[in-house]
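Chemist: Position in the sequence shown (from 1) plus 18 gives the number in our numbering. Sharing a structure, written as structure tokens. Questions coming.
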Amino acid sequence: MSLLEEKLEFILSRIAAAHQRAGRTDNLPRLVAVSKKQPAELIREAWDAGQTIFGESRVQEAQAKIPQLPSGIEWHFIGHLQSNKVRKALPLFSLFHSVDSLDLARDIDRIAAELGLFPKVLLEINVSGESTKFGFRPEQLERDLEDLLGLNRLEILGLMTMAPFSEDPETARPVFASLHKLREKIQDNHRLNLPELSMGMSGDFEVAIEEGATLVRVGTAIFGER
Ligand SMILES: *Cc1c(COP(=O)(O)O)cnc(C)c1O
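Rendered as structure tokens:
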């Protein structure tokens with residue numbers, strides 16, 4: 019087994035263990051292998067080891083790598099999407115984790131209509147309120163939600179967040195718990211079904227799974243430092 023294969027197996031076993039520990043009976047959370055800044059060869063190695071979902075955060079970089087790699091790969095976009103990149107990004111990705119404003123959502127909706135696409139998206143929430151982070155503040159989401167739901171091209175499947183950086187994964191727990199609560203609240207208030215919660219990275223994915231993550235985005239712990 020290659021080192022990369024071993025690392026992947028280890029992450030998958032930790033995902034399963036956290037899911038079990040939490041007493042969850044739903045499907046196992048899916049692993050998004052965050053391959054930003056990693057070369058195509060390494061991504062292929064992970065694919066050969068059985069990994070199917072990869073996350074990229076820059077459109078140009080993804081545009082260069084995707085054609086070199088197997089067409090069976092499911093590409094997820096996880097970075098901040100600039101409006102002028104939407105047209106290029108839409109055909110490349112099967113899920114956008116990081117729709118972080120109403121303006122961006124409107125741009126995606128308009129361009130998706132032009133391209134005949136119905137993109138699947140998550141809404142990025144800035145739970146912790148750090149000014150350096152993108153995303154809807156929870157109270158802003160409440161205000162924008164009806165407008166977002168009026169964008170007929172968007173298939174809104176859930177919420178995403180990033181916890182503040184910390185050495186201690188427990189610091190992230192209240193952030194993940196808040197995202198989960200927010201999801202329950204808007205599901206109830208708007209009679210929506212938002213099945214996906216994208217939360218947790220290399221340092222805190224187990225805590226995220228204990229708090230209900232359905233997608234975890236792990237880079238460094240699989241591929242090493244970028
Ligand atoms: C880079 C990145 C990750 C992965 O971070 P690691 O600490 O390397 O696991 C996850 N989510 C987003 C949004 C990222 O930009």
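Where is the CB? At the ideal position from N, CA and C, for every residue including glycine. Just so we're clear, the structure is a prediction, and the values are computed from it rather than from any experiment.
1) Helix, strand or coil for ILE61, going by three-state DSSP, please let me know.
2) Return the bridge partner residues of GLY176 from the DSSP annotation.
3) In angstroms with no decimal places, state the Cα-to-Cα distance between PRO187 and SER146.
4) In the DSSP assignment, find the unbroken alpha helix (DSSP H) run with GLU202 in it and report its ends.
5) What does the Cβ neighbour count give for THR43, buried or exposed, with the cut at 16 atoms within 10 Å?
6) With C-beta atoms as the reference, is ALA231 less than 8 Å away from MET217?
7) State yes or no: is the C-beta of PHE114 within less than 8 Å of the C-beta of LEU133?
8) If we ignore side chains and look at the alpha-carbon of each, how far apart do LEU233 and GLU214 end up?
9) Mapping the DSSP letters down to three states, classify VAL225 as helix, strand or coil.
10) Only counting the same chain, and skipping five residues up and downstream in sequence, which positions put a Cβ closer than 6 Å to that of ASN144?
11) Using the C-alpha atoms, what's the distance from ASN45 back to HIS37?
12) Among ALA130, GLU74, LEU30 and GLU79, whose alpha-carbon lies nearest the alpha-carbon of ALA67?
13) DSSP three-state call for VAL117: helix, strand or coil?
14) Just list the residues that DSSP pairs ARG235 with in beta bridges.
15) Span of the beta strand (DSSP E) holding LEU23?
16) Quick one: what does DSSP say PHE154 is sitting in, helix, strand or coil?
17) Tell me whether MET19 is buried or exposed, calling it buried when 16 or more other Cβ atoms sit within 10 Å of its Cβ.
18) Compare the beta carbon distance of LEU135 and LEU166 with 8 Å and say whether it is the shorter of the two.
19) In whole angstroms, give me the CA-to-CA distance for ALA58 and SER89.
Modeler: So, to answer that:
1) helix
2) LEU140 and GLU214
3) 15 Å
4) 191–208
5) exposed
6) yes
7) no
8) 7 Å
9) helix
10) LYS151, GLY153 and ARG155
11) 9 Å
12) LEU30
13) strand
14) VAL50
15) In the sequence as displayed, the identity of residue 23 is Glu instead of Leu. Per DSSP, GLU23 belongs to no beta strand (DSSP E); it is in the alpha helix (DSSP H), 21–39.
16) strand
17) exposed
18) no
19) 13 Å
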